[in-house]
Structure formats: C-alpha cells, structure tokens
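Here the structure comes first, spelled out in structure tokens, and everything after it is commentary.
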Amino acid sequence: MTALTLARNEWIKTTRRPALWVTLLCLLAIVGIVFFQRYSSGLSNDDVTPLRLPDGWAFILGEPGPMPAIFGAIVVILLVASEFSWRTARQNVIDGLSREQFYAGKVLLVPGMSLALLGLVVALGVAFALPGTGLSDLTGPLVGLDDLAFAGAVLLSMVGMGAMALFIASVVRSSGPAMALFFFYIAFGEQLLAALAARFIPAVAAVAHYAPGQVFMNMAEARIYYPSLQEAAVARALERGAAAPVFPSATVLVGVALGWTAFFLLAGFLAFRRRDL
Amino acid sequence: MTIIETRDLTKRYRRQLAVDRISFTVEAGQVFGFLGPNGSGKTTTIGMLLGITTPTAGEFRLFGEKGRGSLHRVRRRVGATLEQPNFYPYLSGYDNLRIAANVKGVGAARIDESLEVVRLTGRARDRYRTYSLGMKQRLALAATILGDPDLIILDEPANGLDPEGMREIREIIVELGQRGKTIFLSSHLLHEVERMCTHVAVIRKGKIIRQASVHDMLAANVVAELRGPDPVALGRAAGEYPGAVGACREDDGAVVVRLDDSDLGALNRYLAGRGIYVSHLGVRRRSLEDAFMEITTAGEEVAA
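Sequence lines, in order, name chains A and B.
Position in the first sequence (first residue = 1) + 87 = our numbering.
Each step along the second sequence adds one to the number in our numbering, with nothing skipped, and position 244 is 228.
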C-alpha cells in the first residue's frame, strides 16, 4: 500500500463531499469580503495604500487571521469523524488497510487541506492585489524572504490546527460533538484551563501562552515576521506613551507549534488504535 | 485445508462476556453458517476475525496464519462485510467500489465484473444514499468479492430484505459457493441458512453449543408424526417407547416423536402391542429451525 494509493482514496472521499465545497465557499466569502474592503478602500481613500504586491503579502496572509486554519479544522473534523459514524473506517480496515495505513491517510489530509485552503486564500488575495501591482515597475522580487517565512508559519498554524482537529475527531468519533468540543476549546476552553492552572500553579501562567490554540493563532500574526511592521507598532505605542510591545520569537513559536502538531498526531493515532472500530 | 481456526477465543466488554472461549474450524470450500440469536456474539466473533475487535483472550488462525503482521497479510485473501453495509453515502456505488478496489489493488475491470455478478451495473453511477436496502446489500457483496477472495465473510447478509431481495442474495451466495469459495456467514434466518450452507455452528450467549454439517444436524434424529383416535393415550404410549428421545402432543392432535433410529415399523408394532392403533404414521421432515430450537432451548453443550 503506497502513500499514493492512500492519497488517491482521500482525494475521492474529499472532493466528492458536498460539505467540503460548502465550507470552502463560506471561507472564500468571508476572506473575499476582507480583501474587497481593503481593495475598495485603496481605490476610494487616499490615506489607505492600495493593495498591491509585494507590500500586500502581509495583508493577504495575515488579515484573514485564524479563519483558514479554523475552516481547515472544520473540514478535517467532517471528513474524519464521519468515517466512524458511517463505519467506513471499519470497512476500510476490513477491505485491507491496516489501522496505521488508515490513520496515515487521514494524516495526509491535514497538510493537503491546509495547502489547498492557503492556496485559495493566496489566489484570491493576489486577484485583488494584481490590479494595483505594476509588474513592470518592480525593483525587487515579487515574493520576499519575510513573505515566505510568514507563509510557512501560516501553513504550519493551519497544519497544527488540523492536527488538533484530527485528534479530537479520532477521540470523539462523531462530527457534531467533535465540532462543539473543538470550538469550545478554541473559544473558551484553553483560556479557562490556563486561568485555572495559573490560579493554582502560578508557574503555569508563564507558559500558558504556549498552549496549542494560542500558539497556532499567534503564528498567523504578521508583525512577528516583518521587522518593518514591528518597528511601526513600537513607534505607534511610544507615540501614545504606552509600553513598546514585545513580540514572541518566531523560532520559538515554530518549535512549539511543531511539538504540539507532533503531539496531536501521535495522541490521535494512539486513541484510534486503542479502540475497536 | 483449514481456513478459519479459533481456539478459546474470548471477548469481554467490561462486565459483559460477549464471546466465551469459542473454538471452531472452517474448512476450505465450506459454506459455513454461524447461527445464533441476536446478541449471541456472532458479530463480535467476526469482528475479531477481521481485526477490528481485539480479542481479550484466545487465538485464531486464518489460512493457518496468526499474529498481527501475518493476519494483516492474509486478510487480503478475505472479503467481508460486518453488520449493515458500510459505504460513503454521498459517493456513487461505483466510487465506493473504487475506494475498496484501490485498497485491494484491483483494477476497474474487476469493479465492472463484481457489479455484474450482483446485478447492479445499471445503478452503479447513482449515489449510494439513493439505493434500496437490497441494493445496498448487493453493493456490499460486490465489494466483498472485488478482490476475488478465497474466504468470504458475511454478517447477516439478508437482514431486512424482502423475499425477493433474500432470494437474490441467496442465489449469489450459492453461486459463489459453487465456484469453490469458502463462505462464512452469520445469520438468524434459519431457513435461509438451511438453503445455503453446508456446515453450521450454533452460538448462544457467547458459547458454541453445536458444530456440525447441515446434513448431520438435520439427520440427528428421525421425527415421526402420529395420529390416532385418542391423542392423549397415543402421546403417553409414544413417550414410553424405548426408542423415543422425546415426544410431544401438538394442538391439532398430532403426536410428534423424536426417534433414535428410523425404524417406524418397530414403533408401530410397539403401539399395537399396547392396543393403540394409529390412523397416520409418517416421517416429518426436520428443519434446521427445529434442530436449532432443540439445541438452544436444551442449552446442552456439545463438543464439536
């Protein structure tokens, strides 16, 4: 059984699923509104720089915030949890996949879906940015190293969120409850746990912002990757008389995100393997 | 060649003992019926054979192989469905088979052949969720035979089907059996099993209580039906006949006697000797259902 075979089957299951396309349309609509607002402001408001490349990469990659990661997680939950409710996970194993192979197929889904969603967001952003971009006037590369680093970080945050979704779907095995648990954790659960832990174990407060949800969301913050944006933020804060903001180290964030991603993938596998199908 | 061999196979779910030290064998070419009431442990046993349920104790071999790696390898020679057909509802029947075919490493031609066997070619491109129950069962059979398996395991293949659907499934299974496939099927539809199977094992409350060929199961005792002017006296005398294993009187006045041999003349002479003359004496054909009811109600434990 090759990875290609697993990928081929996941492709059939994913691309024929109407829920995937509905979710993608919702994401494109939300991100499209964000890009359109900036595009139209650039046209009508002289104080707003028109959306154009290469300056616009930070906006295109960062302004949608955690939306692509959250929509990617929704798709992963829908695709994985339903394998249990329809008992197709069981049938796949009966047909000849080992449990490891079945799970590997689902793991392939996580980066695949993240790449696809990020690609769509970028394509949409570029579509809005191209009219303002004078390709003949470009003096440097269209995509800089900072842009690539930021794109990689956004992709990693999406993969991490997808891995968390895969873990929850493998444990809960039902789309509705898995989705509810995922949103509860992202919206309240993590802050609640961090607050409780900090109250009883003060030392935990210092590391609470390295909780998985925080890390994956923070990674999509453009200012971490662009020194010019950091300098502007510091200048604005000093103008207001506020303390200069401190930005987390990108290297540390990436390291922690990789660690959480590996943890969720492994824990999801152990939970999947341990239980009968 | 022994295809399936279980030894003291056991599955416990917390306090519930679902399968209790069962041992049985299925030989090549047999159409083997695994009979038992609902909740008797049939599906759990099949789940263990297919690797989706982990046994608590005991062991089993498929094609003589045991152990996780070897079993995973030989399971490529097995085609199976467990409980109801399990498919992606939003995919067509054909695409569902494509997924199974990719796993089994077979090509599109084999998908077409399987659809042909189960007579589903015309609806192959329709979504699975639009299929009737009979069509879903037939698609499950198509997926089962996709890899041209040596062993076919079917769990309640005729469950919920109308008579026409049952007949179609039965014909397909009989045809597969005639092609030399070893078939292991669980069911509580005894008349269906009797028409399809060569061998059966009866499971009750997680224990195998009888394993035999269908022929032996049906021929275990001759059942005689008697009628006479005084059913009460007839029933009493028949019950006291030395060759009688058991006797009962039915509502319509017939007396039914299970004999340990087929000598109806000796029974007739015995009754005549006691001054009882019968108006009707004949052999009643014993069904698998009769045998099953005797076995399961007696609760006897018989070594296979």
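Virtual Cβ for every residue (Gly too), placed ideally from N, Cα, C.
Could you compute how far the alpha carbon of residue i sits from the alpha carbon of residue j?
{"i": "L55/B", "j": "I(-12)/B", "result": "11 Å"}
{"i": "E152/B", "j": "T40/B", "result": "37 Å"}
{"i": "V162/A", "j": "T(-10)/B", "result": "42 Å"}
{"i": "R194/B", "j": "A185/B", "result": "6 Å"}
{"i": "A288/B", "j": "V10/B", "result": "Residue placement at A288/B is poorly supported in this model, since its pLDDT is 35, which falls under 50; the coordinates are not used for a value here."}
{"i": "N179/A", "j": "A108/B", "result": "20 Å"}
{"i": "C232/B", "j": "R179/B", "result": "27 Å"}
{"i": "D224/A", "j": "A358/A", "result": "55 Å"}
{"i": "A322/A", "j": "T92/A", "result": "54 Å"}
{"i": "A256/B", "j": "L272/B", "result": "32 Å"}
{"i": "E284/B", "j": "K(-5)/B", "result": "Annotation note: pLDDT 42 at E284/B (below 50); position unreliable, coordinate value reported separately. Their Cα atoms are separated by approximately 22 Å."}
{"i": "R177/A", "j": "R186/A", "result": "9 Å"}
{"i": "V286/B", "j": "I95/B", "result": "Bear in mind that the predicted position of V286/B carries a pLDDT of just 34, short of 50, making it too unreliable to give a figure here."}
{"i": "R52/B", "j": "I255/A", "result": "27 Å"}
{"i": "F351/A", "j": "M(-15)/B", "result": "45 Å"}
{"i": "A298/A", "j": "L283/A", "result": "13 Å"}
{"i": "I83/B", "j": "N96/A", "result": "6 Å"}
{"i": "A92/B", "j": "A85/B", "result": "8 Å"}
{"i": "G118/B", "j": "L125/B", "result": "11 Å"}
{"i": "I67/B", "j": "A142/B", "result": "A small fix is needed here, since residue 67/B is Glu in this sequence, not Ile. If I take the Cα positions, the gap works out to 10 Å."}
{"i": "R253/B", "j": "L19/B", "result": "39 Å"}
{"i": "L195/A", "j": "S201/A", "result": "10 Å"}
{"i": "E297/B", "j": "D134/B", "result": "Because chain B in this structure spans residues -15 to 288, residue 297/B falls outside the shown range and cannot be described."}
{"i": "A307/A", "j": "R188/B", "result": "59 Å"}
{"i": "A236/A", "j": "L204/A", "result": "18 Å"}
{"i": "S7/B", "j": "L(-7)/B", "result": "7 Å"}
{"i": "R125/A", "j": "G149/A", "result": "13 Å"}
{"i": "M201/B", "j": "H172/B", "result": "16 Å"}
{"i": "F158/A", "j": "V343/A", "result": "22 Å"}
{"i": "G206/A", "j": "C113/A", "result": "15 Å"}
{"i": "V44/B", "j": "L34/B", "result": "The identity of residue 44/B in the sequence shown is Phe, whereas the question assumes Val. Roughly 11 Å separates the two Cα atoms."}
{"i": "L265/B", "j": "E234/B", "result": "15 Å"}
{"i": "W98/A", "j": "S172/A", "result": "20 Å"}
{"i": "R122/B", "j": "D274/B", "result": "30 Å"}
{"i": "F47/B", "j": "V62/B", "result": "10 Å"}
Leaving aside the five residues before and after residue i along the sequence, list all residues of the same chain whose C-beta is less than 7 Å from its C-beta, in chain order.
{"i": "E155/B", "result": "none"}
{"i": "S197/B", "result": "T182, H183"}
{"i": "L33/A", "result": "In this structure chain A extends from 88 to 364, so residue 33/A is not present and cannot be described."}
{"i": "A216/A", "result": "L138, R139, L140, G143, I147"}
{"i": "A320/A", "result": "R310, P332"}
{"i": "F356/A", "result": "Y190"}
Using DSSP bridges, identify the partner residues of residue i.
{"i": "A41/B", "result": "T(-6)/B"}
{"i": "T166/B", "result": "L135/B"}
{"i": "T65/B", "result": "L138/B"}
{"i": "V267/B", "result": "A208/B"}
{"i": "K191/B", "result": "R188/B"}
{"i": "F8/B", "result": "T(-10)/B"}
{"i": "G19/B", "result": "According to the sequence displayed, residue 19/B carries Leu and not Gly. Looking at the DSSP assignment, L19/B forms a beta bridge with S171/B, V186/B."}
{"i": "C113/A", "result": "Answer by DSSP bridge pairing: none, since C113/A is not bridged."}
{"i": "S197/B", "result": "H183/B"}
{"i": "L46/B", "result": "I(-12)/B, E49/B"}
Below 6 Å CB to CB, which residues in the same chain sit around residue i once its five sequence neighbours on both sides are set aside?
{"i": "G190/B", "result": "L1, A2, V3, D4, G25"}
{"i": "K322/B", "result": "Here chain B comprises residues numbered -15 to 288, so residue 322/B is not present and cannot be evaluated."}
{"i": "G144/B", "result": "L117"}
{"i": "L99/B", "result": "T105, A108, A126"}
{"i": "E97/B", "result": "none"}
Whose C-beta lies closer than 8 Å to the C-beta of residue i among residues of the same chain, with five residues either side of it excluded?
{"i": "A160/A", "result": "M248, G249, M251, A252, F269"}
{"i": "S128/A", "result": "V135"}
{"i": "V246/A", "result": "V197, P198, S201, T348"}
{"i": "A36/A", "result": "In the structure as shown, chain A starts at 88 and stops at 364, and residue 36/A therefore has no counterpart that could be examined."}
Name, please, each residue of chain D whose Cβ falls closer than 7 Å to the Cβ of residue i.
{"i": "A84/B", "result": "Structure shown: chain D not included; protein chains present are A and B."}
With a threshold of 7 Å (Cβ to nearest heavy atom), would residue i be considered close to the ligand MG?
{"i": "L205/A", "result": "You won't find the ligand MG in this model; it holds no ligand whatsoever."}
Contact the stretch 147 to 156 of chain A vs the stretch 113 to 124 of chain A: 3+ CB pairs below 8 Å: yes
Determine, using beta-carbon pairs with one atom in the stretch 29 to 39 of chain B and one in the stretch 110 to 119 of chain B, whether at least three such pairs fall under 8 Å. no
Closer than 8 Å is the cut-off here; do at least three beta carbon pairs connect the stretch 257 to 269 of chain A with the stretch 227 to 242 of chain A? no
Mind checking the stretch 173 to 198 of chain A against chain B and listing, in chain order, the residues whose C-beta falls within less than 9 Å of any C-beta there? W173, R174, T175, A176, R177, Q178, N179, V180, I181, D182, G183, L184, S185, R186, Q188
Any C-beta of chain B within less than 7 Å: which residues of the stretch 195 to 223 of chain A qualify? none
Touch check for the stretch 207 to 223 of chain B and the stretch 160 to 178 of chain B: three-plus C-beta pairs under 8 Å? no
For the stretch 63 to 79 of chain B, which residues have a CB atom closer than 9 Å to at least one CB atom of chain A, in sequence order? G63, A64, T65, L66, E67, Q68, P69, N70, F71, Y72, P73, Y74, L75, S76, D79
Pair every Cβ in the stretch 283 to 291 of chain A with every Cβ in the stretch 200 to 217 of chain A, then say whether three or more of these pairs are closer than 8 Å. no
Could you name the residues of the stretch 308 to 320 of chain A whose beta carbon sits closer than 7 Å to any beta carbon of chain B, in the order they occur along the chain? none
Selection of the stretch 93 to 111 of chain A by Cβ proximity to chain B, strictly under 7 Å: R95, N96, I99, K100, R103, R104, P105
Output needed in chain order: residues of the stretch 230 to 262 of chain A with a Cβ under 7 Å from some Cβ in chain B. none
Quick one: any contact between the stretch 100 to 116 of chain A and the stretch 165 to 173 of chain A, if contact means 3 or more CB pairs under 8 Å? yes
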